[in-house]
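Below is one structure, written out as structure tokens; the observations come after it.
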Amino acid sequence: RYVAWKSREGIGREEIEDRLGDFPYLVVDCSLAGLHSEKELRSLKKQVNWTLRVVREFMWDERYVVAGMDTGTSAQHFPSVEDFLDQVRPGKVILLDPGAEEEFRGENADCYIIGGIVDKTGNKRGTTALIYERLVKNGYSVERRKILLRGDVIGVPDRINHIAEIVLRAVMDGTSVEEAILSVQ
Ligand code: SAM
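For the sequence shown, counting from 1, position 153 maps to 142 in the working numbering; every step adds exactly one.
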């Protein structure tokens, strides 16, 4: 991306460095790993690792944060999302949550949080809200947004790496959320 800017826009190093602050953090909160079966945990690890590849298409490893799980990758690791928020202090934070009231329309934020939740067995419906409630209870300011395809969450792929790709495509490439969803399907 820097190289693309450099050659396309002919901008220098200083300007590139100025723009680095414009890149958001993408955070996966794995604090609910304890709710998962062994099979789901394996899938969670895979999805979290695939998400690094998605992040690399748009940004670089340091912008990818995994909280509460060791992935053995070059993502940044924090014990909890709260630790990350305390240390990095991003401005606007959006939690992607299918149970949110407001729809995600590709708005900019400094940090996007995705729940490290896999829904293969059992009923984990509404569990992303637990992350929201915990963060609010701990005094953090977080906005929640749901991703919809033509007015419905049905049809939106819910794997963590797909949600990451939809968000980054919409925010960084400026495509519509619908186009972003269709491109990952
Ligand atoms: N069962 C969980 C729930 O109902 O809250 C959803 C788990 S989903 C497999 C994994 C994560 O992807 C969620 O925590 C959320 O961050 C994100 N996600 C999945 N679908 C979404 C949607 N339609 N809108 C916003 N976020 C979504």
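Cβ coordinates follow ideal geometry from the N, Cα and C atoms, glycine included.
Please read these numbers as outputs of a predicted model, since none were measured by experiment.
Mind checking whether the beta-carbon of residue i lies closer than 7 Å to any heavy atom of the ligand SAM?
i: residue 116; result: yes
i: residue 170; result: no
i: residue 85; result: yes
i: residue 104; result: yes
i: residue 142; result: yes
i: residue 131; result: no
i: residue 43; result: no
i: residue 59; result: no
i: residue 135; result: yes
i: residue 111; result: no
i: residue 95; result: no
i: residue 88; result: yes
i: residue 75; result: no
i: residue 145; result: yes
i: residue 70; result: no
i: residue 107; result: yes
Quick check on residue i: buried or exposed, where buried means 16 or more other Cβ atoms within 10 Å of its Cβ?
i: residue 172; result: exposed
i: residue 111; result: exposed
i: residue 166; result: buried
i: residue 115; result: exposed
Quiz prompt | Whole runs of the alpha helix (DSSP H) within the segment 64 to 101, excluding any shorter than 4 residues | solution = Counting whole runs of 4 or more residues, the segment 64 to 101 contains the alpha helix (DSSP H) stretches 70 to 77.
On the three-pair Cβ rule with 8 Å, is the segment 31 to 47 touching the segment 148 to 158? When C-beta atoms of the segment 31 to 47 are compared with those of the segment 148 to 158, three or more pairs fall below 8 Å, so the two segments count as touching.
For this session: Mind the definition here: the segment 45 to 62 touches the segment 83 to 91 only if three or more C-beta pairs lie below 8 Å; say whether that holds.
Result: Flag = no, the segment 45 to 62 and the segment 83 to 91 do not touch.
Suppose only complete runs of 4+ residues qualify. What are the alpha helix (DSSP H) ranges in the segment 93 to 142, listed by chain order?
Within the segment 93 to 142, the complete alpha helix (DSSP H) runs of at least 4 residues are 117 to 126.
Is the segment 122 to 132 close to the segment 38 to 49, with three or more CB pairs under 8 Å?
The answer is no - the segment 38 to 49 does not touch the segment 122 to 132, with fewer than three Cβ pairs under 8 Å.
Sufficient close CB pairs (3 or more, under 8 Å) joining the segment 66 to 79 to the segment 88 to 97
Not touching, per the Cβ criterion.
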